[in-house]
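Here is the structure we will look at, set down as structure tokens.
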Amino acid sequence: MSFSIMPKELKARLDKGEKLVLLDVREPWEHSLAKLEGSVLIPLGTLPQSLSKLDRNAEIIAYCHHGMRSADATGFLLQQGFSNVKNLVGGIDAWSVQVDGAVPRY
């Protein structure tokens, strides 16, 4: 089982109307600059205290700026018993380049 997803694959799944939880683990100032529509902001540093905000049965796609923090978040959630978590490869920066140029790069 792969714990990562490519931007174009995520876009295709969202376009099909699949129910995914988009978890933004960046800081609030980053979220205010650029975000994926409908995402939940839980900065990486607050994730351990915020597990109750997440549905353990949902498929969670974690993302950050370039995919490093969200890779950490994905590993952490898997360790905490979340079974269906993926990391958006390349983060929101790759999303902007490959999928939606309207999402600002920073």
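Going by our numbering, the sequence shown wraps up at 110, each residue one higher than the last. Ideal Cβ positions, reconstructed from N, Cα and C, are used throughout, including at glycine. Here the structure is a predicted model, which means the values were calculated and not measured.
- Residue pairing for I65: DSSP places it in a beta bridge opposite L26, K90.
- According to the DSSP assignment, A106 belongs to no alpha helix (DSSP H), since it is labelled neither H nor E.
- For C68, the closest C-alpha among the options R109, L18, E13 is that of R109.
- With a cut-off of 8 Å on Cβ pairs, the segment 6–14 is not in contact with the segment 27–38, counting fewer than three such pairs.
- Below 8 Å, too few C-beta pairs join the segment 46–53 and the segment 88–106 to call them touching: fewer than three.
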